[in-house]
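Novice: Let me begin by handing over the structure; questions about it come next.
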Amino acid sequence: MKPKITFAILAASLVSASANERLFTYTYEPETMPKGGWEFEQWVTSRDGRNASVGQKDFRRWEFRESAEYGVTDNWTTELYFNSHQQSFRDPNGAKHSGFRWDGFSLENRYQVLNQADHAVGLTLYLEPRISDSEAELEEKIIIGQRHGQWKWAANLTHETEWLDHYHAKEGELELSVGVARFISKHWAIGLELRDNAEIEEYKVWDNNAFYAGPVVSYRNDRWWASLSVMPQIFGNNFPDSPDNNPNLELEDHERLNARLIFGISF
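Numbering (my numbering), first residue to last: 12 to 278.
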């Protein structure tokens with residue numbers, strides 16, 4: 012067999028084997044699952060570090076998502092999530108508050124408009140509603156990305172609307188996230204992930220903005236994969252005041268450090 016043909020077959024097999032994995036944890040890639048494919052995913056997100064000025068000293072929040080993902084068609088993937096979190100902090104009097112909460116169900120839908128194998132850039136559209144007993148959420152994304160040899164990149168533009176406090180309050184959220192990674196072996200990839208997140212209270216006041224950046228590492232084999240991002244807050248602002256008394260970071264609604272691990276297994 013000619014070397015060029017051998018290399019083409021190897022490259023095609025690598026793309027096929029990695030079609031279901033994720034190289035990033037906050038940034039989606041444009042691939043969708045093949046028709047009839049199933050996958051289980053476990054998400055664990057750690058959000059650490061607000062401050063005493065906002066009454067949340069020693070803040071820590073663990074977010075959990077368990078999901079079943081299914082390829083409806085080669086272009087349309089749907090995923091059912093079960094969401095929950097555990098949160099703890101100390102108030103200004105030193106009392107510790109801690110509790111676990113069920114955050115309801117969400118149904119993710121991803122539809123691939125342009126396959127990156129046939130176009131200069133892959134394009135996928137995303138819609139995810141979530142509902143619980145006291146709140147609801149609707150999230151939309153535009154997902155683009157491409158692979159160039161051993162390098163891969165993706166970018167997401169996200170809009171989210173949340174109905175809170177038993178549907179008596181509303182908040183908007185905008186986010187731009189970007190990931191760049193390089194495959195360093197058959198099983199491992201390393202890279203960098205960046206997020207810029209902003210909240211708009213009642214769609215009237217641009218409340219805050221926080222920028223995160225940090226490394227991401229991922230592992231894959233034939234049946235399962237895992238990705239880990241560790242992202243400190245680089246800078247942030249509150250508008251128009253500064254309730255956290257920090258001119259360089261936003262520590263009222265965002266944290267000093269976010270980290271996320273996602274594990275997936277295919278069936």
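Beta carbons: idealized from backbone N, C-alpha and C, even for Gly. Note that the coordinates shown come from a computational prediction; the quantities given were computed from them, not determined experimentally.
(1) What residues in its chain sit with their C-beta under 6 Å from that of Ile245, if we drop five residues either side in the sequence?
(2) Taking only the alpha-carbon atoms, compute the straight-line gap between Arg121 and Gly160 and give it to the nearest angstrom.
(3) Here's the rule: buried if 16 or more other CB atoms are within 10 angstroms of the residue's CB, otherwise exposed. What is Glu213?
(4) Going along the chain, which residues of its own chain have a beta-carbon closer than 6 Å to the beta-carbon of Leu175, five neighbours each way excluded?
(5) Would you mind sorting Lys152 into buried or exposed? The rule is 16 or more other CB atoms within 10 Å of its CB.
(6) When you compare each of Ser240, Pro140 and Arg206 to Asp114 by their alpha carbons, which one comes out closest?
(7) How many angstroms separate the CA atom of Leu138 from the CA atom of Thr89?
(8) Once you ignore the five residues that flank Asn249 on each side, which residues in its own chain have a CB closer than 8 Å to its CB?
(9) If distances are taken between C-alpha atoms only, which option among Pro41, Trp73 and Val55 comes closest to Ile155?
(10) Please state whether DSSP places Ala131 in a helix, a strand or coil.
(11) Of the choices Arg112, Phe70, Asp129 and Gly202, whose alpha-carbon is the least far from that of Ala106?
(12) Excluding the 5 residues preceding and the 5 following Pro258 in the sequence, name in chain order all residues of the same chain whose CB lies nearer than 7 Å to its CB.
(13) For Asn232, which residues of its own chain have a beta-carbon under 7 Å away from its beta-carbon, when the five flanking residues on both sides are left out?
(14) Leaving aside the five residues before and after Val228 along the sequence, list all residues of the same chain whose C-beta is less than 6 Å from its C-beta, in chain order.
(15) Which value, in whole angstroms, describes the spacing of the CA atoms of Thr169 and Tyr37?
(16) Applying the criterion that 16 or more other CB atoms from any shown protein chain within 10 Å of the CB defines a buried residue, is Thr135 buried or exposed?
(17) Pick out the complete alpha helix (DSSP H) segments inside the stretch 111 to 193, 4 residues or longer, and give them in chain order.
(18) Threshold first: 3 residues or longer. Then list the beta strand (DSSP E) segments lying entirely within the stretch 194 to 221, N to C.
(19) Helix, strand or coil for Ala63 per DSSP?
(20) Which same chain residues, not among the five before or five after Ala270, have their C-beta less than 6 Å away from its C-beta?
(21) Here's a check: name, in chain order, each residue in its chain whose Cβ is nearer than 6 Å to the Cβ of Ala166, leaving out the five neighbours to either side.
(22) With DSSP run on the structure shown, which of helix, strand or coil describes Ala106?
(23) Out of Phe111, Phe93 and Leu91, point me to the one whose CA is closest to Ser99's CA.
(24) Counting only the same chain and skipping the five closest in sequence on each side, list residues whose C-beta sits under 6 Å from that of Leu205.
(25) Can you have a look at Leu91 and say buried or exposed, based on whether 16 or more other CB atoms are within 10 angstroms of its CB?
(26) Pro243 lies in the beta strand (DSSP E); which residues open and close that run?
Specialist: Looking at the atomic coordinates:
(1) Working through the sequence shown from its first residue, we reach residue 245 at position 234. Phe222 and Ala224, listed in sequence order.
(2) By one-based count along the sequence shown, residue 121 stands at place 110. By one-based count along the sequence shown, residue 160 stands at place 149. In a straight line, the C-alpha of Arg121 is about 25 Å away from that of Gly160.
(3) On the sequence shown, position 202 is the one that residue 213 refers to. It is exposed - the Cβ of Glu213 has fewer than 16 other Cβ atoms within 10 Å.
(4) Mapped onto the sequence shown, residue 175 falls at position 164. Same-chain partners within the cutoff: Glu146.
(5) Indexing the sequence shown from 1 puts residue 152 at position 141. So Lys152 counts as buried.
(6) Along the sequence shown, one-based indexing puts residue 114 at 103. The shortest Cα separation from Asp114 among Ser240, Pro140 and Arg206 belongs to Pro140.
(7) Indexing the sequence shown from 1 puts residue 138 at position 127. Indexing the sequence shown from 1 puts residue 89 at position 78. C-alpha separation (whole angstroms): 10 Å.
(8) Mapped onto the sequence shown, residue 249 falls at position 238. Once the five neighbours on either side are set aside, the close Cβ partners of Asn249 are Asp218, Asn219, Asp255, Glu261 and Glu263.
(9) Counting from 1 along the sequence shown, the entry for residue 155 is found at position 144. It is Pro41.
(10) Indexing the sequence shown from 1 puts residue 131 at position 120. Correct three-state label for Ala131: coil.
(11) For this step, residue 106 is matched to residue 95 along the sequence shown. Answer by Cα proximity: Phe70.
(12) By one-based count along the sequence shown, residue 258 stands at place 247. So the list is empty, once near-sequence residues are dropped.
(13) Position 221 of the sequence shown, counting from 1, holds the residue named residue 232. Excluding residues within five positions, the ones whose Cβ falls inside 7 Å are His198.
(14) In the sequence shown, residue 228 corresponds to position 217, counting from 1. Contacts found: Ile201 and Leu239.
(15) The residue given as residue 169 occupies position 158 in the sequence shown. The residue given as residue 37 occupies position 26 in the sequence shown. Each residue's Cα considered, the two are about 11 Å apart.
(16) Taking the first residue of the sequence shown as position 1, residue 135 is located at position 124. By the neighbour-count rule (16 or more Cβ atoms within 10 Å), Thr135 is buried.
(17) Counting only runs of 4 or more, we get nothing.
(18) 199 to 212
(19) Within the sequence shown, the letter at position 52 stands for residue 63. Helix at Ala63.
(20) Counting from one through the sequence shown, the residue named residue 270 turns up at place 259. Around Ala270, the same chain offers Ser57 and Val241 as residues with beta carbons nearer than 6 Å, after the five sequence neighbours per side are excluded.
(21) Taking the first residue of the sequence shown as 1, we reach residue 166 at position 155. Hits under 6 Å: Ile155 and Val189.
(22) On the sequence shown, position 95 is the one that residue 106 refers to. Coil at Ala106, not helix or strand.
(23) Locating residue 99 in the sequence shown gives position 88, where the first residue counts as 1. Of Phe111, Phe93 and Leu91, the residue nearest in Cα terms is Phe111.
(24) Along the sequence shown, read from residue 1 onward, the residue named residue 205 stands at position 194. Same-chain partners within the cutoff: Val189 and Ala224.
(25) Counting from one through the sequence shown, the residue named residue 91 turns up at place 80. Answer is exposed; the Cβ neighbour count stays below 16.
(26) Walking along the sequence shown from the start, residue 243 turns up at place 232. Unbroken beta strand (DSSP E) run through Pro243: Trp235 to Asn249.
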